[in-house]
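Data first, discussion second: the structure below is written as C-alpha cells.
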Amino acid sequence: MKSNHFDVIVIGAGILGTFHAYHAAELGKKVLLLEKDPFPVNATVRNFGQVVPSGMSSDWFQFGVYSTRLYKTIQSQFDISIRENGSVYIASDPDEQQLIHELKQRMDERNYEAHLLSKAQCLEKWPALKSEYCLEGLFFPQEVSAEPESTIHRLLLYISAKFSTLHYQPDTTVLSCDTVEGVVKISTDTHDKFTADKVIICNGSEFKLLFSDLFRKSGIVVSKLHMLRSAPLPKLALEGNILTGLTIRRYESFEECPSFPTLQTPPALQELRQWGIHILFKKAADGSVILGDSHEYAAVNQPEKLGFEINQHINNLMLAEAARIIDMESFQVASSWAGYYSQHPEKDIVEIDIENKIHIRTAIGGKGMTSSAGYAQKSIERIFE
Ligand SMILES: Cc1cc2nc3c(=O)[nH]c(=O)nc-3n(C[C@H](O)[C@H](O)[C@H](O)COP(=O)(O)OP(=O)(O)OC[C@H]3O[C@@H](n4cnc5c(N)ncnc54)[C@H](O)[C@@H]3O)c2cc1C
Numbered sequence: 226m227k228s229n230h231f232d233v234i235v236i237g238a239g240i241l242g243t244f245h246a247y248h249a250a251e252l253g254k255k256v257l258l259l260e261k262d263p264f265p266v267n268a269t270v271r272n273f274g275q276v277v278p279s280g281m282s283s284d285w286f287q288f289g290v291y292s293t294r295l296y297k298t299i300q301s302q303f304d305i306s307i308r309e310n311g312s313v314y315i316a317s318d319p320d321e322q323q324l325i326h327e328l329k330q331r332m333d334e335r336n337y338e339a340h341l342l343s344k345a346q347c348l349e350k351w352p353a354l355k356s357e358y359c360l361e362g363l364f365f366p367q368e369v370s371a372e373p374e375s376t377i378h379r380l381l382l383y384i385s386a387k388f389s390t391l392h393y394q395p396d397t398t399v400l401s402c403d404t405v406e407g408v409v410k411i412s413t414d415t416h417d418k419f420t421a422d423k424v425i426i427c428n429g430s431e432f433k434l435l436f437s438d439l440f441r442k443s444g445i446v447v448s449k450l451h452m453l454r455s456a457p458l459p460k461l462a463l464e465g466n467i468l469t470g471l472t473i474r475r476y477e478s479f480e481e482c483p484s485f486p487t488l489q490t491p492p493a494l495q496e497l498r499q500w501g502i503h504i505l506f507k508k509a510a511d512g513s514v515i516l517g518d519s520h521e522y523a524a525v526n527q528p529e530k531l532g533f534e535i536n537q538h539i540n541n542l543m544l545a546e547a548a549r550i551i552d553m554e555s556f557q558v559a560s561s562w563a564g565y566y567s568q569h570p571e572k573d574i575v576e577i578d579i580e581n582k583i584h585i586r587t588a589i590g591g592k593g594m595t596s597s598a599g600y601a602q603k604s605i606e607r608i609f610e
C-alpha cells in the first residue's frame, strides 16, 4: 500500500467529519481527515454547544444519547470541555406546560431521566429566571454542554493522539474527487494527490467546491442564525442548557407530543416566530452567556442572499424576549455573530452515495453538536458493511 493511499478519506473536519473519522479509525481503518481551513471556523465553532437529546425526534434522540455517552467517555480521558450540568425547558404558559408534561411522559416510557420542577424549584436552581415568566420546568440532569470554540480543536488533538492509523491534515482544500478504476482520486490546493477505497464528504455548508451540480439540485437550504455573547457574568446563576417557551414551541421532540398540532402562536410572539427566534441561554466556562437565536433561510445555490450583516432589529427582538425571561440588567453585549448551517426541508440529513465509493453526508441542520457522534457511528457501519 502506497503511503498516500487510505482506506478512507474524510473531507471536512467539522463535528460530523471528525466523528466519521473517529468511528472509521475505531474499525481499524487507515484514515485521512482533510480540512480546508487552518482550523474549523464554521457551524461547529459558532454554536451554543448545547448537547440536548431531549429536543430531538425519536430516531435522532438515540443518536443524541449515544453522543452524550461518548462525549462523557472522551472527557474522562482528555479535556474536550464537556460539562455535565443538564438541560432545562422553562414553560411560560399553560400550553407550554402541557407540552413539557407530555414530553416527560414520553421520556419516562424511554427510561430517560427527566424531572418536572415546580416554579419555586426552578427559581431556586436558576435565580436569574423571572418569576413572572417561569411557570414550571422540565429538567434533564444527564445532558451536557460543550465550549464549541475549543471542543473541536481538543477533539482533533485527542483523535490524532489516540489512533495511529488516523492522520489529520488541516489547511488543505479538496478540489476534486473522482473514481478511477475502482479507486477514488483526490486533488487538493496543496498539490497533494491522495487515493482511497472510500471517500466521505462532510462539507457542512460549502457547496461550490465539490459536486456543485448535484448540490444545486439537492433541495438543501442554508440557515443563518444570529447569536450574542455577554461579557463574563460570574454572579449570574444560569448553569446548564437553558431552553425556553419558544423552544418548546419549536423543537422536534415537542412536535411529536399529542397537543402540539393544536398549539396556537399568541399574537405577542408572532414577530419573533417570523424571524425564527427562540431563546436559549448557555453560560460558557468563562462566565459569559451565549444568547440566541434566529433563523433566516436561502436556497442552496443562493446563500449570498442571507447577507453578511448582523441585523440589529433581530438582536433587539432577541434581547427584549430574553429580558422577559431573565434579569438582563447586568447583560452587556460583548459580541454578536452569524452562524450558518445547512438542512433539508424533508430529510433529517442528506446522504448521497456515488458508486458505493463516495459518500456525501451533510445538512444535519441544528442538531449536529448533539447527534453527530451517534449518527456517524451508524453511518460508518453502513458505509463499510
Ligand atoms: C449559531 C448556531 C447554533 C447552533 N447550536 C447548536 C447547539 O447548541 N446544539 C447542537 O446540537 N447543534 C447546534 N448547531 C448545529 C451544529 O453546529 C451543526 O449541526 C454542526 O456544527 C454541523 O457540523 P458539520 O461538520 O456538518 O459542518 P461544519 O461545521 O460546517 O464543518 C464542515 C467543514 O468542512 C470543511 N470543508 C468543506 N468543504 C471542504 C473541502 N472541499 N475541502 C476541505 N474541507 C472542506 C469546512 O471548512 C468545515 O470546517 C448550531 C449551529 C449554529 C450555526
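The numbering of the sequence shown is the numbering used here, which starts it at 226 and goes up by one. Glycine residues also receive a C-beta, built at the ideal position from the N, C-alpha and C atoms.
Any idea which residues DSSP pairs residue i with across the strands?
i      : result
Gly362 : Ile315 and Leu342
His230 : Thr420
Val558 : Ser455
Ser437 : Ser437 pairs with nothing; no bridge assigned.
Tyr522 : Ser448
Ile515 : Arg454 and Lys507
Ile425 : Val235 and His584
Ala249 : DSSP lists no partner for Ala249.
Lys625 : As displayed, the chain neither begins before 226 nor continues past 610, which places residue 625 out of reach and without an answer.
His392 : Leu257
Ser412 : Ser401 and Lys418
Arg308 : Ser370
Asn466 : Ser312 and Lys507
Gln275 : Ser370
Ala563 : His451
Glu576 : Arg586
Gln495 : None; Gln495 has no bridge partner.
Ile551 : Leu354
Gln568 : Val446
For residue i and residue j, I'd like the C-alpha separation in whole angstroms.
i      : j      : result
His451 : His538 : 11 Å
Tyr476 : Pro491 : 17 Å
Thr630 : Gln568 : The first residue shown for the chain is 226 and the last is 610, placing residue 630 beyond what the model contains.
Gly599 : Ala510 : 25 Å
Gly362 : Glu464 : 14 Å
Asp232 : Arg379 : 24 Å
Trp351 : Ala547 : 14 Å
Gly237 : Thr397 : 10 Å
Ser228 : Ile577 : 28 Å
Asn581 : Ile608 : 8 Å
Val369 : Ile307 : 6 Å
His416 : Ile377 : 26 Å
Lys603 : Asp552 : 43 Å
Lys423 : Ile467 : 40 Å
Phe286 : Gln394 : 32 Å
Tyr565 : Glu431 : 10 Å
Leu461 : Leu354 : 10 Å
Ala339 : Arg498 : 27 Å
Val266 : Val313 : 28 Å
Tyr522 : Glu529 : 11 Å
Lys344 : Ile550 : 13 Å
Ala456 : Leu471 : 25 Å
Asn310 : Phe288 : 20 Å
Gln489 : Ala316 : 15 Å
Lys329 : Leu458 : 32 Å
Ala250 : Glu496 : 47 Å
Phe485 : Ala371 : 30 Å
Between residue i and residue j, which are expected to be in contact by the criterion C-beta below 8 Å, what is the C-beta distance as a whole number of angstroms?
i      : j      : result
Leu324 : Ile589 : Not a contact, Cβ separation roughly 25 Å.
Leu453 : Ser561 : 5 Å
Val408 : Leu434 : Not confirmed; about 21 Å, so no contact.
Ile605 : His248 : 4 Å
Val235 : Ile425 : 5 Å
Ile623 : Leu542 : Since the displayed the chain opens at 226 and closes at 610, residue 623 lies outside it and no answer follows.
Ser478 : Ser282 : 6 Å
Pro570 : Gly444 : 7 Å
Ser279 : Phe365 : 5 Å
Answer with buried or exposed for residue i, where buried requires no fewer than 16 other C-beta atoms within 10 angstroms of its C-beta.
i      : result
Ser389 : exposed
Thr611 : Nothing about residue 611 can be reported from this structure: the residues present for the chain run from 226 to 610 only.
Ser356 : exposed
Thr243 : buried
Pro373 : buried
Val277 : buried
Ala559 : exposed
Phe264 : exposed
Leu439 : exposed
Lys592 : buried
Arg335 : exposed
Glu349 : exposed
Ala601 : buried
Glu480 : exposed
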